[in-house]
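Since the structure comes first, as structure tokens, the remarks are kept for the end.
Numbering (the UniProt record's numbering), first residue to last: 1 to 358.
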């Protein structure tokens with residue numbers, strides 16, 4: 001079976017997930033072609049995957065690119081995500097592709113979709129044979145806003161590839177004092193990422209407990225200036241470092257060097273950063289609005305110590321205080337949480353069942 005995968009091919013972990021998925025499909029005897037838009041043009045074979053990269057020139061040219069590659073490659077299955085979805089579904093139907101799939105990654109609150117955009121996407125999604133939702137939150141939205149039948153949607157999580165990459169030295173520097181609790185917060189600086197709540201919670205904890213900590217932000221975005229201003233206003237300049245955007249290699253070192261990661265988003269369809277961190281055994285305090293949590297079987301009832309209400313400073317303080325007192329959940333708990341709930345083989349087998357052609 002020949003599978004044509006439309007996704008952005010880069011150094012990010014989402015791209016790494018799709019590449020590993022492709023390699024596994026090849027091992028199962030399938031032929032996989034990956035198509036991506038970038039700033040350059042190339043066509044090469046990577047780990048057995050034919051990777052086609054075209055320069056994105058505009059709306060019309062993008063549709064022509066998708067039309068051309070589907071016509072040329074003649075796939076049995078087409079899988080697309082993000083901006084590739086509409087043209088991939090349209091031309092997949094035109095050329096009689098046996099199965100057209102969409103991997104849906106985002107919530108409406110993240111995309112800030114207008115009624116017009118929702119209407120257009122609804123019409124295109126009718127052309128899909130199957131839609132893979134990256135969480136049950138996303139599945140619910142597909143049914144509620146895009147009128148997709150529940151029988152057409154399958155919720156499948158991602159797995160993380162961060163521990164399997166080639167690790168190189170890093171220039172990142174972290175506090176070397178054992179009594180200083182190193183707190184990390186990776187992610188784009190945006191309103192819905194809700195980073196301000198961390199600064200507010202730490203300011204209050206510092207006054208009440210005089211805990212020794214250092215907060216490291218990793219990311220850039222429109223909220224960066226406001227976050228720096230908040231840090232100054234609360235006199236936390238010496239306790240907060242802004243690292244800006246980090247490479248995949250630096251993110252590995254980031255997770256391995258901090259004592260706890262805080263992920264405070266107001267809404268997150270899945271949240272790759274969550275499974276990246278726990279796959280390495282890094283303790284995490286995560287917003288209850290992360291879609292990845294919907295896949296976790298919480299038999300031991302410890303998840304209540306991990307998840308917090310992203311609108312409650314008090315709740316975050318309560319979850320963070322044990323770590324400031326060097327009494328948080330152990331690293332092994334988080335590694336087990338990952339391996340028990342995001343098993344790579346189980347996820348891949350679920351995907352194989354979905355793409356099978358009767």
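Ideal Cβ positions, reconstructed from N, Cα and C, are used throughout, including at glycine.
If you're wondering where the values come from, they're calculated on a predicted model, not measured in any experiment.
Taking the C-alpha atoms as reference points, what is the distance between residue i and residue j?
i, j, result
"residue 299", "residue 13", "29 Å"
"residue 146", "residue 273", "27 Å"
"residue 46", "residue 271", "27 Å"
"residue 149", "residue 306", "33 Å"
"residue 157", "residue 287", "17 Å"
"residue 65", "residue 1", "22 Å"
"residue 163", "residue 252", "8 Å"
"residue 355", "residue 324", "47 Å"
Thinking just about the alpha-carbon of each residue, which of the options is nearest to the one in residue i?
i, options, result
"residue 183", "211, 249, 163 and 159", "211"
"residue 216", "2, 208, 241 and 233", "241"
"residue 152", "103, 177 and 93", "103"
"residue 328", "80, 57 and 259", "259"
"residue 128", "189, 177, 93 and 71", "93"
"residue 332", "281, 343 and 323", "281"
"residue 117", "83, 334 and 139", "83"
"residue 58", "264, 310 and 87", "87"
"residue 255", "185, 214 and 226", "185"
DSSP on residue i, reduced to helix/strand/coil?
i, result
"residue 330", "coil"
"residue 186", "strand"
"residue 180", "coil"
"residue 102", "strand"
"residue 50", "strand"
"residue 38", "strand"
"residue 138", "helix"
"residue 272", "helix"
"residue 172", "coil"
"residue 156", "coil"
"residue 164", "helix"
CB residue i to CB residue j, shorter than 7 Å?
i, j, result
"residue 244", "residue 222", "no"
"residue 411", "residue 313", "Outside the shown range of the chain (1 to 358) lies residue 411, about which nothing can therefore be said."
"residue 198", "residue 296", "no"
"residue 187", "residue 196", "no"
"residue 174", "residue 257", "yes"
"residue 135", "residue 276", "no"
"residue 55", "residue 41", "yes"
"residue 4", "residue 85", "no"
Which whole-angstrom value is the C-beta distance of residue i and residue j, which I expect to be below 8 Å?
i, j, result
"residue 250", "residue 172", "6 Å"
"residue 269", "residue 89", "Not really, about 20 Å apart at Cβ, beyond 8 Å."
"residue 38", "residue 51", "10 Å between Cβ atoms; not a contact."
"residue 267", "residue 110", "6 Å"
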